[in-house]
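*Asks:*
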Amino acid sequence: MSIPAARQRFALEIQSEPIDLGRAALWIAQEAYPDLEVEEYVAALDEMAAEVQERLPPERYPLRVIKILNHYLFEDLGFRGNREDYYDPRNSFLNEVIDRRTGIPITLSLIYLELARRIDFPMAGVGMPGHFLIRPLFAGAEIFVDPFQQGEILFPEDCQELLSQIYGPGIPFQEHHLRPTPPRLILVRLLNNLKQIYLSRAELEPALAAAERILLLIPESLPHLRDRGLLYYQLGRWQQACQDLKRYLKQAPFHPEINRSDEHLIREIVERLESHPDS
Numbered sequence: 000m001s002i003p004a005a006r007q008r009f010a011l012e013i014q015s016e017p018i019d020l021g022r023a024a025l026w027i028a029q030e031a032y033p034d035l036e037v038e039e040y041v042a043a044l045d046e047m048a049a050e051v052q053e054r055l056p057p058e059r060y061p062l063r064v065i066k067i068l069n070h071y072l073f074e075d076l077g078f079r080g081n082r083e084d085y086y087d088p089r090n091s092f093l094n095e096v097i098d099r100r101t102g103i104p105i106t107l108s109l110i111y112l113e114l115a116r117r118i119d120f121p122m123a124g125v126g127m128p129g130h131f132l133i134r135p136l137f138a139g140a141e142i143f144v145d146p147f148q149q150g151e152i153l154f155p156e157d158c159q160e161l162l163s164q165i166y167g168p169g170i171p172f173q174e175h176h177l178r179p180t181p182p183r184l185i186l187v188r189l190l191n192n193l194k195q196i197y198l199s200r201a202e203l204e205p206a207l208a209a210a211e212r213i214l215l216l217i218p219e220s221l222p223h224l225r226d227r228g229l230l231y232y233q234l235g236r237w238q239q240a241c242q243d244l245k246r247y248l249k250q251a252p253f254h255p256e257i258n259r260s261d262e263h264l265i266r267e268i269v270e271r272l273e274s275h276p277d278s
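Counting along the sequence shown from 1, when you hit position 242 you're at 241 in numbering that gives the first Met the number 0, and nothing is skipped either side.
1) CA-CA distance, G21 and I265?
2) Please confirm whether H176 and M127 have their CB atoms less than 7 Å apart.
3) In angstroms with no decimal places, state the Cα-to-Cα distance between R63 and P205.
4) Please determine, among G80, F154, R82 and R54, the residue with the shortest C-alpha to C-alpha distance to Y71.
5) Do you know offhand how far R8's Cα is from Q29's?
6) Nearest by alpha-carbon distance to N192: which of E50, G77, K66 and D87 is it?
7) On a Cα-Cα basis, can you pick out the residue from E219, R225, L184 and D75 that is closest to E16?
8) For R259, does the count of other Cβ atoms within 10 angstroms reach 16, so buried, or fall short, so exposed?
9) With DSSP collapsed to three states, give me the class of P135.
10) Kindly indicate the opening and closing residues of the beta strand (DSSP E) around L248.
11) Enumerate, from N- to C-terminal direction, the unbroken alpha helix (DSSP H) stretches of 4 or more residues contained entirely within the segment 74-117.
12) Expressed to the nearest angstrom, what Euclidean distance is found between the alpha-carbon atoms of D19 and G235?
13) If you reduce the DSSP assignment to three classes, tell me which class F253 lands in.
14) Quick one: which unbroken alpha helix (DSSP H) runs of 4-plus residues sit fully inside the segment 176-236? Chain order, please.
15) Helix, strand or coil for E156? Go by DSSP, reduced to three states.
16) If you draw a straight line from the C-alpha of L136 to the C-alpha of E151, how long is it?
17) Excluding five sequence neighbours on each side, which residues of the same chain lie with their C-beta closer than 8 Å to the C-beta of L25?
18) I believe W237 touches H275 by the beta-carbon criterion, under 8 Å. Please report the beta-carbon distance rounded to the nearest angstrom.
19) Candidates P121, A140, L107 and D119: which alpha carbon is nearest H130's?
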């Protein structure tokens, strides 16, 4: 089966460090939108950043820069969180978010990060459980920005309260929840969102496409290897399913964080596949 050109470009893009988040996210989108011109959207981000640059004062105090970014993105351009149709796949494609001015926390954060990078204002993504924020990277700047809430400024205590609102006591707050998320893992989270959305719709081919790209980003991830193998199995791609699931079973004992409850099921599937004439 041939590899889509967009997938090849994505694979090349993520080889560089640091990863260009904007371009990588656009190559993800191009697989769903073959006519998408990546450089046109890169230029759109450049133009947005140039507009912000013109508004910046000589003294770039973090809160002042954030206020200008917030005003431009959320008041002038009208970006907003899509609460009405949160699980629409379009919310995860950067071209659609730019065109429609609406998205989910991670894609709105990605646009914010891309503008901040272009104006030399250091920021990082923060992948909290159940939500995504960004934070300025300045000594003593213990503040966070929530692009899904029109750029609301949060302090660590607010983030702790937010986690409690989402999960209750189920996930206790820990300091590592507020650590910067590397660009590679931001893309993993973006693709995992897409994978889960497509699985909920029983759209297995696009779910598999997301799973395959996750493994380009983190090839040693056993949970994602298992998920890809199960998707191959559901799609009748027996040989590829067998390869993935056998590799998973071989390596799982050396990874204590792996949930053992599914190993019996995976082993049964592998036995079934090995008896299949096409595997």
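By construction, the Cβ of each residue, glycine as well, lies at the ideal position given by its N, Cα and C atoms. Please read all numbers here as calculations on a predicted model, not as lab measurements.
*Replies:* Let me spell this out:
1) Indexing the sequence shown from 1 puts residue 21 at position 22. Indexing the sequence shown from 1 puts residue 265 at position 266. In this structure, the CA atom of G21 is about 37 Å from the CA atom of I265.
2) Mapped onto the sequence shown, residue 176 falls at position 177. Mapped onto the sequence shown, residue 127 falls at position 128. Result yes, Cβ atoms of H176 and M127 sit closer than 7 Å.
3) On the sequence shown, position 64 is the one that residue 63 refers to. On the sequence shown, position 206 is the one that residue 205 refers to. Whole-angstrom Cα-Cα distance: 41 Å.
4) Looking up residue 71 in the sequence shown gives position 72. Of G80, F154, R82 and R54, the residue nearest in Cα terms is R54.
5) Position 9 of the sequence shown holds residue 8. Position 30 of the sequence shown holds residue 29. When the Cα atoms are used, R8 and Q29 turn out to be separated by approximately 10 Å.
6) Translated into positions along the sequence shown, residue 192 becomes position 193. Relative to N192, the option among E50, G77, K66 and D87 whose CA is nearest is D87.
7) The sequence position of residue 16 within the sequence shown is 17, counting from 1. Per the Cα distances, L184.
8) As a working mapping, residue 259 is identified with position 260 in the sequence shown. Exposure of R259 is indicated by the presence of fewer than 16 other C-beta atoms within 10 angstroms of its C-beta.
9) Numbered from 1 along the sequence shown, position 136 holds the residue referred to as residue 135. In the structure shown, P135 sits in a strand (DSSP, three-state: E or B).
10) In the sequence shown, residue 248 corresponds to position 249, counting from 1. That residue, L248, is in no beta strand (DSSP E); its alpha helix (DSSP H) goes W237 to Q250.
11) Qualifying alpha helix (DSSP H) stretches, in chain order: 93-99 and 104-117.
12) Position 20 of the sequence shown holds residue 19. Position 236 of the sequence shown holds residue 235. Take the alpha-carbon of D19 and the one of G235: they are about 35 Å apart.
13) Walking along the sequence shown from the start, residue 253 turns up at place 254. Here F253 sits in helix by DSSP.
14) You should have 182-199, 203-216 and 221-233.
15) Locating residue 156 in the sequence shown gives position 157, where the first residue counts as 1. Three-state DSSP puts E156 in a helix.
16) Position 137 of the sequence shown, counting from 1, holds the residue named residue 136. Position 152 of the sequence shown, counting from 1, holds the residue named residue 151. Each residue's alpha carbon lies about 17 Å from the other.
17) On the sequence shown, residue 25 is found 26 positions in, with the first residue counted as 1. Only L35, V37, Y40, V41, L93 and N94 meet the Cβ criterion.
18) Residue numbering aside, residue 237 sits at position 238 when the sequence shown is read from its first letter. Residue numbering aside, residue 275 sits at position 276 when the sequence shown is read from its first letter. Right, the Cβ-Cβ distance comes to about 5 Å (below 8 Å), so this counts as a contact.
19) Start at 1 with the first residue of the sequence shown, and residue 130 comes out as number 131. Minimum Cα distance to H130 is reached at L107.
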